[in-house]
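423 is the number of the first residue of the sequence shown in this note's numbering; add one for each residue after it.
What follows is a set of notes on a single structure, which appears directly below.
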Amino acid sequence: MNDDIKHAGNEDSQHSQFTLLRERRFCPLFITQFLGAFNDNAYKNALLVLLVFGTVAWTEMKPEVLANLAAGLFILPFFLFSATAGQFADKYDKAWLARRVKALEIIIIALAALGFWLHSLPVLLAALFLLGLQSTLFGPVKYAILPQHLRANELVGGNALVEAGTFVAILFGTLAGGLLAGMDNGIIWIVVVCFIVAITGFLASCRIPAAPAPAPDLKISLNPFAEALRCIGLARRKRSVFQSVLGISWFWAYGILVLTQLPAYTNIVLGGDEKLLTALLAVFSVGIGAGSLICEKLTRRRGKVVEPGLVPIGALGMTIFGLDLALGAPANASGELQPLSEMLLQGSAWRVFIDLLLLGGFGGLYCVPLYALVQQRSKAEYRARVIAANNILNSLFMVLISVAASVFLGWGFSIPMLFLCVALLHGVVTIYIFSVVPEFLIRAMVWLGVRDQ
């Protein structure tokens, strides 16, 4: 087995990941990334709600075109600037860089406020693009800094907290954005809340301890495409790292497809209202958070600091409950919307709740060890650029699966049929990864006790 999978001592086994939330070497980073994810989604969803429900007041473009344009503008910087962000994170102190990135967020919210005041859609969309850029710049920082501030036995726990916090922040931000946009004087509330969150995030970033640059002599390349290929090449230097990156990218593609289709699935398939949608989103997010947090305990069961064996178990659970989500949806025979309370009393939605909870939970088991493995097995001098390669491929996978979903739905596929296809494809993808890197399956059998070390 690889040398970097080491036994943890008795003292390590008593360690709890939640103690990191009390320590300066982790807590300020956690708060910074949590508030950043909240703000991104609060502003994005608030803007989408304003545009979709008040299109005539802003532009003559169709609401669905605006929604896709906004989503595309937010994700475009991940393609264009992730490689540059990875270079910055390897060349400069990551704590120093985090403060500058969070200061940029305050300026972007000021630009958004100007856009609202001028009633200018181009300015508002420019602010959304810049928020995507700010997230792009921060991505390699938040993951590459963890191995510098955390001990080896804390890496899984730290990643688990980051992943759980990110999904909770996405949920809260999405809900807050919709609520703020629907309030009286909603624009003012959006600006005020986003300003407060951005300033608080900047103050938290000022408390992140120094994280010296691993490659201070690195020459920055401004060619995003050539550097993107170079970053992917760095990730490919170690097979287990690159296959882990592919696994993470597929996880995000799977997740974005479920989240994107969930509103229509709730309305058309289940016959539920917006309260049911909110509950389903919450259950899915809680599932991913819980699965992520459980990873540390399950990893320590075998005295490891990173346990690749959890990945096949997570993959299997994602396949099973993805299939059940596709096959077990109750038929909306009446065609009428039913309130959440009635659906819960009838029991028609409970199976979907359980499927989404466990789909998210096994997703957490699947992705957290992959993140930790990428961080642990990438060389320090180009670790941030490997994280940048991960972000580039994440974005590519998400765009490709969104396009594929649109094509399949255009061909007349139902949403349950789409869920069935992606669950089966998930099985194919993970079988490929485990066949290329058999360590995952070997460690799973060891973890389950059916094979010796």
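Even glycine gets a Cβ: it sits at the ideal position worked out from N, Cα and C.
Remember, it's a predicted structure, so these values are computed and weren't measured experimentally.
{"Asked": "Looking at C-beta atoms only, is the number of pairs between the region 634–649 and the region 540–549 that lie closer than 8 angstroms three or more?", "Found": "no"}
{"Asked": "Here's a check: name, in chain order, each residue in its chain whose Cβ is nearer than 8 angstroms to the Cβ of S707, leaving out the five neighbours to either side.", "Found": "F589, V590, I592, L593 and G782"}
{"Asked": "Run through DSSP, which three-state label would G834 get?", "Found": "coil"}
{"Asked": "With DSSP collapsed to three states, give me the class of G876.", "Found": "Residue numbering for the chain in the displayed model covers 423 to 875; residue 876 lies beyond these limits and cannot be assessed."}
{"Asked": "Can you give me the C-alpha to C-alpha distance between L470 and L488, rounded to a whole angstrom?", "Found": "8 angstroms"}
{"Asked": "Taking only three categories from DSSP, how would you classify G580?", "Found": "helix"}
{"Asked": "State the start and end residues of the unbroken alpha helix (DSSP H) segment that holds K801.", "Found": "Counting along the chain, K801 falls outside any alpha helix (DSSP H), and DSSP gives it neither H nor E."}
{"Asked": "Helix, strand or coil for L623? Go by DSSP, reduced to three states.", "Found": "The residue you asked about is not Leu; residue 623 is Gly in the sequence shown. DSSP places G623 in helix when its eight states are reduced to three."}
{"Asked": "Pull up the CB-CB distance for I823 and L679, whole angstroms please, since I reckon it's below 8 angstroms.", "Found": "5 angstroms"}
{"Asked": "Apart from the five residues on each side of it in sequence, which residues of its chain come closer than 7 angstroms, Cβ to Cβ, to S714?", "Found": "A582, E585, A586, G786 and V790"}
{"Asked": "For my contact list, T741 and A845 are in at a C-beta cut-off of 8 angstroms; report their separation, rounded to the angstrom.", "Found": "6 angstroms"}
{"Asked": "What does a CB cutoff of less than 8 angstroms around F819 pick up in its chain, not counting 5 residues either side in sequence?", "Found": "S671, W672, W674 and A675"}
{"Asked": "Between the Cα of F784 and those of C717, F452 and S817, spot the shortest distance and give me the residue it belongs to.", "Found": "C717"}
{"Asked": "Can you find the residues in the same chain that come closer than 8 angstroms, C-beta to C-beta, to P569, ignoring five residues on each side of it along the sequence?", "Found": "L577, Q797, Q798, A802 and R805"}
{"Asked": "When you compare each of F456, I528, F452 and L553 to F500 by their alpha carbons, which one comes out closest?", "Found": "L553"}
{"Asked": "Measure the alpha-carbon distance for V523 versus F503 and round it to whole angstroms.", "Found": "14 angstroms"}
{"Asked": "What are the start and end residues of the alpha helix (DSSP H) that includes T682?", "Found": "R661 to A686"}
{"Asked": "Is DSSP giving G600 helix, strand or coil here?", "Found": "helix"}
{"Asked": "Look up G694 in the DSSP assignment and say whether it is helix, strand or coil.", "Found": "strand"}
{"Asked": "Which residue wins for smallest C-alpha separation from L540, given the options K660, W869, I609 and N463?", "Found": "I609"}
{"Asked": "Should G579 and Q683 be called a contact, given that it needs their Cβ atoms to be closer than 7 angstroms?", "Found": "no"}
{"Asked": "Going by DSSP, name the residue or residues bridged to Q760.", "Found": "G694"}
{"Asked": "Name the residue from A566, P838 and G508 whose alpha carbon lies nearest to the alpha carbon of T558.", "Found": "G508"}
{"Asked": "For L738 and K466, what's the separation of their Cα atoms in angstroms?", "Found": "33 angstroms"}
{"Asked": "For the alpha helix (DSSP H) holding I528, just list the boundary residues, first then last.", "Found": "K516 to L540"}
{"Asked": "Would you call A632 buried or exposed, if buried means 16 or more other Cβ atoms sit within 10 Å of its Cβ?", "Found": "exposed"}
{"Asked": "Rounded to whole angstroms, what's the CA-CA distance from C449 to F460? Just pull it up for me.", "Found": "16 angstroms"}
{"Asked": "I think K513 touches L644, with their Cβ atoms under 8 angstroms apart; what is that distance to the nearest whole Å?", "Found": "With 8 angstroms as the limit, K513 and L644 do not qualify as a contact, their Cβ atoms being about 13 angstroms apart."}
{"Asked": "Among L597, G731, I690 and R521, which one has its Cα closest to the Cα of I621?", "Found": "R521"}
{"Asked": "Output the distance between the C-alpha atoms of V774 and F835, rounded to the nearest integer angstrom.", "Found": "20 angstroms"}
{"Asked": "Would you report the Cα separation of G655 and F456, rounded to the nearest angstrom?", "Found": "30 angstroms"}
{"Asked": "Return the Cβ separation of A748 and F841 in integer angstroms, given the expectation that the two are a contact with Cβ distance under 8 angstroms.", "Found": "4 angstroms"}
{"Asked": "Keeping to the same chain, check which residues put their C-beta closer than 7 angstroms to that of L780; ignore five residues upstream and five downstream.", "Found": "G709, G739 and F743"}
{"Asked": "Give the range of the alpha helix (DSSP H) segment to which E649 is assigned.", "Found": "P646 to A657"}
{"Asked": "Alpha carbon to alpha carbon, what distance is there between R629 and G595?", "Found": "23 angstroms"}
{"Asked": "Whole angstroms is fine: what's the gap from A827's alpha carbon to G750's?", "Found": "20 angstroms"}
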